[in-house]
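What follows is one structure encoded as structure tokens, with my remarks underneath.
In the numbering used here, the protein residues as written are 1 to 87.
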């Protein structure tokens, strides 16, 4: 997890079907507190890409005004992200 923006990195192996990360309305995740880093720079330093090959930062609802100049929240990914941390 990333403290500065609330983003959570998820590898494709965390889900049987990776489309779930993008079509769900509300996503609730539980992560260990020792997996939280202060910034995105720290998060990228911890990642190593080999196997698995797919991962994504999930940070809550996206916003777009591409369609008829009308603001849409949650167009890509979940409308809400709730994260619980444990020690």
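Just so it is clear, CB atoms sit at the ideal spot from N, CA and C, and this is done for glycine as well. Keep in mind that this is a model prediction, so the values were computed, not measured.
A straight line joining the alpha-carbon of residue 84 with that of residue 66 spans about 33 Å. Shown here, residue 41 sits in a helix according to DSSP, grouped into three states. For residue 82, the closest C-alpha among the options 43, 39, 46 and 30 is that of 30. Between residue 80 and residue 25, the C-beta gap is smaller than 9 Å, which places the two residues in contact. When secondary structure is reduced to three states using DSSP, residue 31 falls in the strand class.
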